[in-house]
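Asker: Provided herewith is a single structure, encoded as structure tokens, for subsequent inquiry.
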Amino acid sequence: MGLENLKPARGSVRNRKRVGRGPGSGLGKTSGRGEKGQKSRSGYSRKIGFEGGQMPLQRRVPKRGFHNIFRKEFAYINVSQLDVFEPGTIVTPEVLLAHGAIKRVGDGLKVLAKGALSKPLTVRAHRFSAKAKELILAAGGKVELLGGEPVEGQA
Numbered sequence: 016m017g018l019e020n021l022k023p024a025r026g027s028v029r030n031r032k033r034v035g036r037g038p039g040s041g042l043g044k045t046s047g048r049g050e051k052g053q054k055s056r057s058g059y060s061r062k063i064g065f066e067g068g069q070m071p072l073q074r075r076v077p078k079r080g081f082h083n084i085f086r087k088e089f090a091y092i093n094v095s096q097l098d099v100f101e102p103g104t105i106v107t108p109e110v111l112l113a114h115g116a117i118k119r120v121g122d123g124l125k126v127l128a129k130g131a132l133s134k135p136l137t138v139r140a141h142r143f144s145a146k147a148k149e150l151i152l153a154a155g156g157k158v159e160l161l162g163g164e165p166v167e168g169q170a
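First residue of the sequence shown? That's 16 in my numbering, and the numbers climb one at a time after it.
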């Protein structure tokens, strides 16, 4: 079997629908749009969620509370999870993704202080809790903020 013998599966390829080509085509005159009405007119496009004038589901369902449309979704990691890396490693969100410690970065990475850290690591993240920063520095590591803001408390 060679490339010259390949062909699409039976029934998967159909001829293009040519509308408005006379009564013999089966799609002449109104071109399959029926007679009158909004959907028969040119320029018609249905809006997402439109239910023919009935109150759409999105508006019928009750809503509660405040929904912040500007909310930022951070990936979180604890300092105890950083203890698996070799001393002197530069830990970045990309490294954590590749390692499988986080599933996605989203709007940034925040390091939290649960657990302990016994190795000096350079940790680059978008945010740090104050206690996590202390733990990393106490272990002899460095804290680097992604986003260009300086971090006080390290030489």
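Each residue gets a CB set at the ideal place from its N, CA and C atoms; glycine is no exception.
Since the model is a prediction, treat every value here as computed from it, not as a measurement.
Can you list, in chain order, the residues of its chain whose CB lies under 6 Å from that of Gly103, leaving out five sequence neighbours each side?
Answerer: none
Asker: Go through its chain and collect everything with a Cβ distance to Arg119's Cβ below 7 Å, but skip five positions before and after it.
Answerer: A distance below 7 Å between beta-carbons, with the five flanking residues on each side excluded, links Arg119 to the following residues of its chain, in chain order: Ala90.
Asker: So, at 8 Å on beta carbons, what are the nonlocal neighbours of Ser133 in its own chain, with the 5 sequence-adjacent residues on each side left out?
Answerer: Asp98 and Ala154
Asker: Assuming Ala140 and Leu124 form a contact by the criterion Cβ under 8 Å, report the distance between their Cβ atoms to the nearest whole angstrom.
Answerer: 4 Å
Asker: Just verifying my parser: in three-state terms, what is the DSSP assignment at Asn93?
Answerer: strand
Asker: CB-CB under 8 Å to Arg36, same chain, minus the five flanking residues each way: which ones, in chain order?
Answerer: Leu42 and Gly43
Asker: Quick one: what does DSSP say Glu1 is sitting in, helix, strand or coil?
Answerer: This structure cannot settle anything about residue 1, because the visible part of the chain is limited to 16 through 170.
Asker: For Gly156, count neighbouring C-beta atoms within 10 Å of its own C-beta (all shown protein chains included) and say buried if the count is 16 or more, exposed if not.
Answerer: By the Cβ neighbour-count rule, Gly156 is buried, with 16 or more other Cβ atoms within 10 Å of its own.
Asker: Of all the CB atoms in chain B, is at least one closer than 9 Å to the CB of His114?
Answerer: This model lacks chain B altogether; it includes just one protein chain.
Asker: In the DSSP assignment, find the unbroken alpha helix (DSSP H) run with Val110 in it and report its ends.
Answerer: Pro108 to His114
Asker: With 16 other CB atoms within 10 Å as the buried threshold, where does Gln96 fall?
Answerer: buried
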